[in-house]
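A short write-up of the structure that comes next.
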Amino acid sequence: MSEKGIDLGLVIRDSEAALLFYRDTLGLEHVADIESPTGVMHRLQWGSSLVKLNRPNSAPAASNPADGLRGGTGIRYFTLTVDDLDDLVAKSEAGGYKTAIPRTEVRPGVVIAIVEDPEGNWVEFLQA
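All residue numbers for the sequence shown refer to the working numbering, where the first residue is 68 and numbers rise by one.
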């Protein structure tokens, strides 16, 4: 039996910008690009999970509402468990990405921070 887990699919407009953020800034491992008649999927590994960046040939007209978990219902953020939250926040800020929620201790020994990707999606870093 395979290990259970959740993979995440994000629809993107700009492959270069998304890969710069997820692969080059955050350090997700780029494992494959899969071409299809409708577009391309960039598959990125984080531990046992995949983040699948799907860029359709024709960009959708609509996008998620701004302001992360305060902007609407539905999937508003996802969490990456990390070893060095401060380093990832610094790398994200150095890359020009917005920190939506700065380093916050949510319970003893557990800290989070949330940054915004190029599409406006919120990515939470969790360090315990």
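From the three backbone atoms N, C-alpha and C, an ideal C-beta is built for every residue, glycine too.
Keep in mind it's a predicted model, so treat the numbers as computed, not measured.
The DSSP-derived three-state label of valine 98 is strand.
Check the Cα spacing between arginine 80 and each of Asn188, Ala195, Phe192: the tightest is with Asn188. Where glutamate 172 is concerned, the enclosing beta strand (DSSP E) starts and stops at 166-174.
In the structure shown, lysine 119 adopts extended strand secondary structure according to DSSP, grouped into three states. About 6 Å separates the beta carbon of glutamate 96 from that of leucine 111, a gap short enough to meet the 8 Å contact definition. If you check the CB distance, valine 177 and alanine 195 come in under 7 Å. Under the DSSP assignment, alanine 180 falls in the beta strand (DSSP E) whose first and last residues are 177-183.
One thing to note: glutamate 183 has its Cβ within 7 Å of the Cβ of lysine 165. Counting only residues of its own chain and dropping the five nearest sequence neighbours on each side, isoleucine 101 has a CB closer than 6 Å to the CB of Met108. Going by beta carbons, glycine 141 and proline 132 fall outside the 7 Å limit. Residue state for valine 156 is assigned as helix, using DSSP reduced to three classes.
Under the 10 Å beta carbon count, valine 118 is surrounded by 16 or more other beta carbons and is classified as buried.
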